[in-house]
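Asks: Everything in the sequence shown is counted per my numbering, starting at 70 for the first residue and increasing by one.
Note that the Cβ used here is the ideal one computed from N, Cα and C, for glycine as well.
Please read through the structure below; I'll follow up with questions.
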Amino acid sequence: MTSRTVKVKNTLGTREAALFVQTASKFKSNVKIALEDKLVNAKSLMCLISLGLTGGMQVTIQADGEDEVQAAEEVSTVLLS
């Protein structure tokens with residue numbers, strides 16, 4: 070498993086959340102996002118929106134699978150832009 074902790078740069082609106090899910094979905098690895106005690110599937114738009122991510126929050130991206138390093142890296146960059 071590969072994990073990366075990042076600080077969310079901007080609030081994730083519907084458009085940004087869709088881009089995040091689209092990026093996570095292109096990988097074979099299981100990708101999850103953790104916020105405090107919540108851990109959700111990063112490939113699910115509803116799960117991601119339920120976190121209510123806003124700028125300044127610190128989250129951890131977890132990826133597990135054959136392309137986990139690349140998945141964690143690319144998914145993290147969506148939150149940083």
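Tell me which residue opens and which closes the beta strand (DSSP E) that L108 is part of.
Replies: Its beta strand (DSSP E) spans residues 107-110.
Asks: Could you check the C-alpha separation between R73 and E135 for me, to the nearest Å?
Replies: Roughly 16 Å between the two C-alpha positions.
Asks: Does the Cβ-Cβ distance between V144 and S113 come in under 8 Å?
Replies: For V144 and S113, no; Cβs fall outside 8 Å.
Asks: Beta carbon of V128, beta carbon of V77: below 8 Å?
Replies: In contact: V128 and V77 (Cβ atoms closer than 8 Å).
Asks: In terms of residue numbering, what span does the beta strand (DSSP E) encompassing L104 cover?
Replies: Where L104 is concerned, the enclosing beta strand (DSSP E) stretches over 99-104.
Asks: Looking only at C-alpha atoms, which of L120, N99, S98 sits nearest to K107?
Replies: Considering only alpha carbons, the answer is L120.
Asks: Starting from S145, trace the alpha helix (DSSP H) both ways and give me its first and last residue.
Replies: From DSSP, the alpha helix (DSSP H) with S145 extends over 137-149.
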